[in-house]
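What follows is a short report on a single structure.
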Amino acid sequence: MIRLLDFLSAFFGLLLLWPVFLIVTILGFLDSGSPIFIQERVGRNKKPFKLIKFRTMSVDTKSVASHLASSASITNLGAFLRKTKLDELPQLINVLKGDMSLVGPRPNLFNQVELIKQREALGVYNVLPGITGLAQIQNIDMSTPDLLAKTDKKMIDSLTIRDYIKYIIMTVTGSGSGDAVSQKD
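This note's numbering numbers the first residue of the sequence shown as 6 and each following residue consecutively.
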């Protein structure tokens, strides 16, 4: 049932939001010269997949978790995209492909060893990663691996269709602040 909801939501989301994709892509070319950001992430059963987002940081930013990246690396357009969560829209392609769900644990990088260890111990990688979830609406990011893994596990164990819809609505209406970045410049 969730996979069907994911597929239909992603399909119609891409269909209806293509003008937004076009505008952000054009603005992204003007902002950074490279509007799309693709990064290998840890997927279901710890299999790698290519996460697709709109670029929010300069092209030369080191590939680290957002909370370890400097806030100085965020571009002008990127700040707006992060605040509005529009940077996440291309992940609808990942959902359509079956790499992700709309709701699930946020996919981490392979170099986030502590988070991988915590999530693996709790079986978090048994499900598809998601665009949003309980941790995101509660502003829990990857800088607290133990808390994040426990929150992911709690969501996985209790997720209902009602919660699935609630997390999406809460994300779209502004709950959660998105990925944190280091304030060191």
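The beta carbon of each residue, even a glycine, is placed where N, CA and C say it ideally should be. Given the structure is predicted, the values throughout are model-derived calculations rather than measurements.
Please go through the same chain and pick out, in chain order, the residues whose beta-carbon is closer than 6 Å to the beta-carbon of residue i, but skip the five residues on each side of it.
| i | result |
| --- | --- |
| S180 | I142 |
| K51 | Y130 |
Counting C-beta neighbours from all protein chains within 10 Å, is the total for residue i 16 or more, i.e. buried, or is it exposed?
| i | result |
| --- | --- |
| M6 | exposed |
| F42 | buried |
| V64 | exposed |
| K88 | exposed |
| G128 | exposed |
| F34 | exposed |
| D92 | buried |
| T178 | exposed |
| F54 | buried |
| L153 | buried |
Quick one: Cα of residue i to Cα of residue j, how far?
| i | j | result |
| --- | --- | --- |
| S187 | P112 | Since pLDDT at S187 reaches only 45, below the 50 mark, its modelled position is unreliable, and the value read off the structure follows with that caveat. Taking the straight line joining both Cα atoms gives about 19 Å. |
| M160 | G18 | 24 Å |
| T176 | I145 | 13 Å |
| L120 | P150 | 5 Å |
| M62 | I136 | 19 Å |
| N99 | T156 | 23 Å |
| L56 | L94 | 11 Å |
| A196 | L164 | Missing from the structure shown is residue 196; the chain here goes from 6 to 190 and no further. |
| S14 | P40 | 23 Å |
| W23 | Q123 | 37 Å |
| L20 | A140 | 28 Å |
| T66 | I166 | 38 Å |
| D162 | L101 | 24 Å |
| I174 | K158 | 21 Å |
If we call anything under 8 Å between Cβ atoms a contact, is residue i one with residue j?
| i | j | result |
| --- | --- | --- |
| G109 | G138 | yes |
| R60 | S78 | no |
| M105 | L86 | no |
| Q117 | K58 | no |
| D11 | L107 | yes |
Using C-beta distances below 8 Å, list every residue in its chain close to residue i, excluding the 5 sequence neighbours before and after it, in chain order.
| i | result |
| --- | --- |
| V25 | L91 and L94 |
Using C-beta distances below 7 Å, list every residue in its chain close to residue i, excluding the 5 sequence neighbours before and after it, in chain order.
| i | result |
| --- | --- |
| R8 | none |
| F195 | Outside the modelled stretch of the chain, which goes from 6 to 190, sits residue 195, for which no answer is possible. |
Check your understanding: Three or more C-beta pairs closer than 8 Å, one from the region 29-38 and one from the region 77-85: is that the case here?
Key -> They touch, by the three-pair rule.
Review point. So does the region 164-173 actually touch the region 33-49, counting three or more Cβ pairs closer than 8 Å?
Key: In the pairwise beta carbon analysis, the region 164-173 is classified as not touching the region 33-49: fewer than three pairs are separated by under 8 Å.
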